[in-house]
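Data block below; observations after.
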Amino acid sequence: MASVDTLTMGWGKQCDVGGDNCQMSPVAQEASGLEVIPDPTDEYPGDDSFWDGVFCVDTLNTNSGPCSGDTGGPLIDTANSNAVAGVFSFGSVEGCNAGKPACYASVAPYKRWIEDNLKVE
């Protein structure tokens with residue numbers, strides 16, 4: 825998925841610093857147009873096996889993305905029937921306003937389990 829037809833959302837903080845001005849959002853916030861980064865290891869070096877099932881999006885060009893409190897929130901592929909492509913996992917220790925990649929656990933490896941265990945009446 826290299827599309828920029830993406831949407832992420834959550835009730836997390838809207839910034840990393842700012843005291844009272846940086847509280848959890850009372851309403852869901854969203855960011856769209858986040859582009860998948862083909863190789864995030866420049867920003868987050870580590871064992872290659874760690875990256876199996878993880879992908880990151882660029883937040884620098886959009887000046888928005890997930891923040892503290894948004895962990896577990898979806899990344900939706902709006903070009904693909906609004907399918908959930910990932911679940912927000914982590915971002916930079918420098919914070920969400922640093923323009924660093926935001927990383928998601930891919931949902932695709934768990935699709936079968938989700939379908940088998942989702943009870944829809």
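With my numbering, the residue at position 27 of the sequence shown is 851, and numbering never jumps. For each residue, glycine too, the CB sits at the ideal point set by N, CA and C. Quick caveat, the model's predicted, so the values are computed rather than measured.
Which term fits C920, buried or exposed, when burial requires 16 or more other beta carbons within 10 angstroms of its beta carbon? buried
Quiz item: Does the stretch 902 to 913 come close enough to the stretch 829 to 840 that 3 or more CB-CB pairs lie under 8 angstroms?
Solution: yes
Self-check item: Nearest residue (CA-CA) to S888, options A922, C846 and L942
Solution: A922
In angstroms, rounded to a whole number, what distance separates the CA positions of C846 and P890?
14 angstroms
Nonlocal neighbours in the same chain, by C-beta distance under 7 angstroms from T886, ignoring five residues either side: A855, G857 and L858
Discussion item. Classify C880: buried if its beta carbon has 16 or more other beta carbons within 10 angstroms, exposed otherwise.
Written reply: buried
For this session: Determine the direct distance from the alpha carbon of G893 to that of K837, and round the result to whole angstroms.
Result: 6 angstroms
Inset, instruction - Measure the Cβ-Cβ separation of T883 and P933 and say whether it is below 8 angstroms. - result: no
Self-check item: Best match in K935, S916, P864 and D866 for proximity to T895 [C-alpha to C-alpha]
Solution: S916
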